[in-house]
Each structure stands twice: as structure tokens, then as C-alpha cells.
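Student: Have a look at the structure that comes next, please.
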Amino acid sequence: MKELMQFLLYLSDLLVPFLILYVVAQGLLARRPVYDDFVKGARDGLQTVIRILPTLVGLMVAVGVLRASGFLDFLSYILKPVTEMVHFPSELVPLTIVRMFSASAATGLALDIFKEYGTDSYLGLAASILMGCTETVFYTMSIYFMTAKVKRTRYTLAGALLATLVGITASIVLAGMMK
Amino acid sequence: MLNYLWGAMLLLGIIYGAFQGRLPEITTAAIDSAKEAVSLCITMAGVMSLWVGLMEIAQKSGLIGSATKRIQPFITFMFPGLPRDHKAREYITTNIIANVFGLGWAATPAGLKAMEALKDLEKERKRHPAGGRKAAPDGTASREMCTFLILNISSLQLIPVNIIAYRSQYGSVNPAAVLAPSLAATLASAAAAVIFCKIMDGGKSI
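Line order of the protein sequences matches chains A and B. For the first sequence, this note's numbering assigns the number 834 to the initial residue and increments by one for each residue that follows. For the second sequence, this note's numbering assigns the number 7 to the initial residue and increments by one for each residue that follows.
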């Protein structure tokens, strides 16, 4: 298990440099003006960030207020007996629930965990992994099915929740192995 | 959704805080959080520009296109009843590829188009069953829709770019340390989704 984790950490260090190398090399081989392409894409990326700034202000304020009021601590305190039974950190409960409804609100809560407990703490690592391997189940389902005018969604919710549960479990286990 | 969530977070925080005598802290938190959102966006602007810039190269050099071709056997495996030349196939592929490469804004429009195309497929099936499938009744999700959404929600992602940006903003020693564990976790949830869909998909005629 320890070797596996070491391998995963090693792989983490390689992923970004390798990806840059691969993409740029492919671009050059395809005789593309890679620098111009890059700058054009970077401009789009910048615009995306500017677009999300207002939502981020709104959500970080809401989470900040909730944290300062002591409500989040109160919530994880009352949930502790339940979550301890399944070895789930109660501090992550608000994040896990909100994650299924709204990506941006979940981002606010994940940032709150980074601030409160540190990015490289067990909770910080678990939150980082969790954000990448779960989706907004209810939001996505309502938007997509609304588009197709579907009311009876059959086994979609069961499957989506199963995938989410596996993702959450994997995050907790992997974060535990990293610490 | 966010409407109520956002409103509830603020109201709950202020009312609970008032009872706990923490209104001054709440004032500070509100102002500081707003400031913080801006400095966070400055970090994110750099990381996102880098990533989207790279992805633009990947797109223009045909890398994304060849990835699209390479996952076709997987699409056929997951959607056995989907005719080869149906336009839903193209949208589903685009959606999956965009999700994998962290291009969320490209994923959603393609995903919604895929749902519309799958709805059209049901209409076509009503006229003459395609791929050995009968049409699902009006207002009921077809098997392809269920599979597509479950796959989408299991959210296979190569690199969670935003998370890396957030981690570096909040002082992580090694922001990228979570990349491979994230990949392992996302593969696990995607595998669960694939197995679930294959089990549910077997032996039903609509």
C-alpha cells in the first residue's frame, strides 16, 4: 500500500510536465503556430475566470458568514456520533451534501476547509480529491432531463448516487493513505 | 437551486450568528471573503489561462479529434443500441472528451444537445425500432439517456485544474500532489458507473 501511494505521488509530479510536453510536441509536429494557439486559448481561459468572479464573491461571502457564525462547527458537532460510526469525518458532511446540488457553493465550502484545516491536512486532501471525482447530481439531472422533457428518470438517480458514493469513499481512503 | 442554497446559507449564518453573539465576526467575514474571492481569481486566472491555452493547442493540432476517434469503441460498448451515424453519438463523445480534459464550459452545451438528439432517437424508434430497441414512452428516460447521465455524473476527469489553483492559493506545499490520487478516485467512480449501467442495461427492451 505504501509503495502504491509513493507511486501515485510520483505520478502526480509527472502529470503536468508530461502533459505540457506532449501537447506542445504534438502541436509542433502538426505544424501549428503553437504560441499563437496558446495565447488565443489563454484569453478564453481568462474570460472564463472573469465570468465566474461575481459568483465566487457571492458564494465565498455566504460560506464565510456561515463559518463565522459558528454554524458549520455546530453542524459537524451534532453529526459527529453518526459519521463516526461509518468513519467519515463530520467536517466534510456539509461539503458532500452541497456538492450534489451546486458546484460553486461546494467550491466555497472546499475553500473554507482549506482555510480552516490547511490544504495538505487529511481534511484538505480529502476535500481536494472529492471535488474532482464527484458531480452535481441533482443539478445536472434536472437540467439535462428538463432539456429532453423527461419526467420518469428510471435508474439514473440510483446509478448517479452509486458513482458519487464510490467517489466519496475513494477520496476518504486515498486521503487517509496520503497522510 | 443556487437561489435557495445561497439565500439559506446567508440567512442561517446571520440568524445563528446573532444568537451566538457573533455579529461583529460575521461583518468581518463578509468583507474579508469578498476580498478573498478577488485574490483567488487572480491565482485562478493564471492557472486557467495556462490550461485553456494548452487545450487550444491540443484542439488545433488534432489531439482532441484523435481522442474522439479513439473512444468510439467505448461509446459503442456503453450505447449498444445507438445507431452508428446518429448525431447523438457525436454530442455524447464531445461531452465526454470535454469533461475528461476539464473543459466544463464546452461539455454542458454538447451534453444538452446530446439529450435532445437522444429524444429525437426515441421519436425515430416509434416509427421503426432501431438497433433492436423499442421507443420509451413519452416523458420516460430511454436507456441511452440513463447511461449518458450516469456516466456524465460519475465525472471522469484527467486533471482537476481548479482544485490545483485553489490549493496553490491556500498555501499548499505541493498543489499537484492530489493529481494521481484524484485520477484513481475518478476512475473508481467511473468504473462503478460503467458496471452499474451495464447491469441495468442488460435484458430490457425499452
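We put the CB at the ideal spot given by N, CA and C, even for glycine.
1. Anything in the segment 86 to 104 of chain B with a Cβ closer than 8 angstroms to a Cβ of chain A? List those residues in chain order, please.
2. Is any heavy atom of the ligand ZN found at a distance shorter than 6 angstroms from the C-beta of V849(A)?
3. If contact is defined by three or more beta carbon pairs under 8 angstroms, each pair taking one atom from either stretch, is the segment 34 to 44 of chain B in contact with the segment 891 to 906 of chain A?
4. Thinking C-alpha only, which one of V167(B), A104(B) and A147(B) is nearest K125(B)?
5. Does the segment 978 to 996 of chain A come close enough to the segment 40 to 56 of chain B to have 3 or more Cβ pairs within less than 8 angstroms?
6. When you compare only the Cα positions, how much space is there between E96(B) and A1003(A)?
7. I want to see whether chain A comes within less than 7 angstroms of Y172(B), judged by CB atoms only; does it?
8. If distances are taken between C-alpha atoms only, which option among L11(B), N180(B) and S161(B) comes closest to T888(A)?
9. Going along the chain, which residues of its own chain have a beta-carbon closer than 7 angstroms to the beta-carbon of F934(A), five neighbours each way excluded?
10. Could you confirm whether any beta carbon from chain B is found closer than 7 angstroms to the beta carbon of L912(A)?
11. If you draw a straight line from the alpha carbon of L942(A) to that of S188(B), how long is it in whole angstroms?
12. Can you tell me which of L127(B), G108(B), I103(B) and N105(B) puts its alpha carbon nearest to the alpha carbon of A94(B)?
13. Would you kindly work out how many angstroms separate the C-alpha atoms of S161(B) and C203(B), rounded to a whole number?
14. Could you tell me the distance, in whole angstroms, from the CA atom of Y977(A) to the CA atom of R987(A)?
15. What does K75(B) reach in chain A if we use C-beta pairs closer than 7 angstroms?
16. On a CA-only basis, which of L56(B), L164(B) and A51(B) is nearest I885(A)? Give me that one, please.
17. Write down the C-beta distance between A116(B) and T100(B) rounded to the nearest angstrom, noting that I regard them as a contact closer than 8 angstroms.
18. Measure from the alpha carbon of M206(B) to the alpha carbon of each residue in G110(B), A190(B), T153(B) and A183(B), then state which is nearest.
19. Just list the residues that DSSP pairs R985(A) with in beta bridges.
Tutor: Looking at the atomic coordinates:
1. none
2. The ligand ZN is not among the ligands present in this structure, which contains no ligands whatsoever.
3. yes
4. Minimum Cα distance to K125(B) is reached at A147(B).
5. no
6. 31 angstroms
7. yes
8. L11(B)
9. T969, F971 and Y972
10. no
11. 18 angstroms
12. L127(B)
13. Roughly 14 angstroms between the two C-alpha positions.
14. Whole-angstrom Cα-Cα distance: 14 angstroms.
15. Under the 7 angstroms cutoff, chain A gives no residues; its nearest Cβ is about 15 angstroms from K75(B).
16. A51(B)
17. A116(B) to T100(B), Cβ: 4 angstroms. Contact.
18. T153(B)
19. T146(B)
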